[in-house]
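In terms of our numbering, the sequence shown opens at residue 17 and continues consecutively.
Cβ atoms here follow ideal geometry from the backbone N, Cα and C, with glycine treated the same way.
Written below as structure tokens is the structure these notes are about.
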Amino acid sequence: MKEIKELLAITASLKEQFIQYNRNFTLDGRLVGDIGEVLAAEKYNLQLLPENTPIHDAIEISTGRKIQIKSSFKENFYFPFGEYRIPDYYLALIIRKDGNLEELYNGPGEFIYKNYIIANKLKGYKNSYYRLSHNKLKRLNQQISIEDKIKMK
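Have a look at this one:
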């Protein structure tokens with residue numbers, strides 16, 4: 017029980033510490049996403065959009081480019097199903113145990129869609145999302161020009 021109380025105190029502290037990002041850090045499926053979005057905002061100088069904004073999670077402050085941020089502690093990422101749900105930019109980040117981020121993919125969402133999903137005739141899961149592997153995202157990322165990447169601070 018003590019550990020649960022500590023977790024709740026930590027999430028309350030995170031919410032207070034990062035109040036400017038308006039994230040709740042709830043102990044559910046959103047926690048990893050909230051952590052990843054805040055870490056990305058700090059690393060890439062992003063303005064986070066309100067929670068549950070369709071398609072995009074943030075805007076690059078210097079350019080206004082819209083970004084969907086996906087973060088994970090695991091090796092797979094989800095990409096939205098359907099052409100109308102393709103994000104302008106897609107940022108896939110692994111959160112390391114030390115709290116640092118590893119960038120797997122940073123570039124246009126359309127590039128993933130055309131050069132991997134369509135090219136390989138991937139089937140979406142229940143018309144909801146495509147599953148993308150860590151290694152494939154890294155290979156695709158190597159093909160993205162520096163101009164098409166979201167800039168770090």
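In the structure shown, the three-state DSSP call for lysine 139 is coil. Residue Ser88 holds the alpha-carbon nearest to the alpha-carbon of lysine 113 among Leu64, Asn68 and Ser88. Burial state of alanine 74 is buried, judged by a 10 Å Cβ sphere holding 16 or more other Cβ atoms. For leucine 64, the enclosing beta strand (DSSP E) begins and ends at 62-64. The DSSP-derived three-state label of asparagine 40 is coil. By the beta-carbon neighbour count (other beta carbons within 10 angstroms, threshold 16), asparagine 92 is exposed. Between glycine 140 and tyrosine 146, the C-beta spacing is below 8 Å. In the same chain as tyrosine 60, and ignoring 5 residues on each side of it, the C-beta atoms closer than 6 Å to its own belong to Ile166 and Met168, in chain order.
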